[in-house]
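**Student:** Got a structure for you, written out below as structure tokens; questions coming shortly.
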Amino acid sequence: MYRFLPIVLLLVVSLGWGIWVGEDVHAFLGLSQVGLIGGMVLLVLGFALPRRVLRRVGLAVGVSGLLVSGYFIGDHRGTAAFNGCVLSGENVRQALADHRRRTGSFPAKLADLVQPLPGGRILRGSLLEYRRV
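Everything in the sequence shown is counted per the numbering used here, starting at 4 for the first residue and increasing by one.
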């Protein structure tokens with residue numbers, strides 16, 4: 004029953020890692036995407052649980068495919084988050100000014116604003132950074 008659990012976990016981690024890297028490529032220790040994919044393929048080929056070559060190759064292709072798919076999903080979401088911040092930046096500024104006008108101070112955190120905020124990503128949270136000074 005638990006025979007395929009490590010393989011399923013490896014595939015899920017590959018997809019999650021791809022999304023995480025894709026959301027903010029520049030924050031990932033300077034590794035290129037090609038190096039990341041190549042490293043995962045070599046890792047799977049060298050240490051895969053199935054002992055047969057065909058299974059190892061199939062697992063490597065599956066991991067690589069999920070890693071690349073995750074990267075493109077994360078990259079798309081990261082780009083959309085950035086563009087949302089650019090397009091809605093003035094709205095956020097106006098909401099901050101309105102909050103200050105109503106309460107006399109800026110909010111403790113952006114979540115205190117009544118409007119939805121741009122910049123949300125799947126795994127890395129929001130692109131927006133806010134600090135009340």
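Glycine residues also receive a C-beta, built at the ideal position from the N, C-alpha and C atoms.
Fair warning: this is a prediction, and the values are worked out from it, not measured in the lab.
Along the chain, where does the alpha helix (DSSP H) that runs through Gly19 open and close?
**Tutor:** That run of the alpha helix (DSSP H) goes 8-26.
**Student:** Pairs of beta-carbons, one from the segment 69-82 and one from the segment 96-106, closer than 8 Å: are there three or more?
**Tutor:** No: fewer than three Cβ pairs fall under 8 Å.
**Student:** From Gly33 to Leu8, what distance separates their C-alpha atoms?
**Tutor:** Confidence at Gly33 is low in this model, with a pLDDT of 48, below 50, so its placement is unreliable and the value that follows should be read with caution. Going by the C-alpha atoms only, they are around 31 Å apart.
**Student:** Counting C-beta neighbours from all protein chains within 10 Å, is the total for Ser108 16 or more, i.e. buried, or is it exposed?
**Tutor:** Exposed, since its Cβ has fewer than 16 Cβ neighbours within 10 Å.
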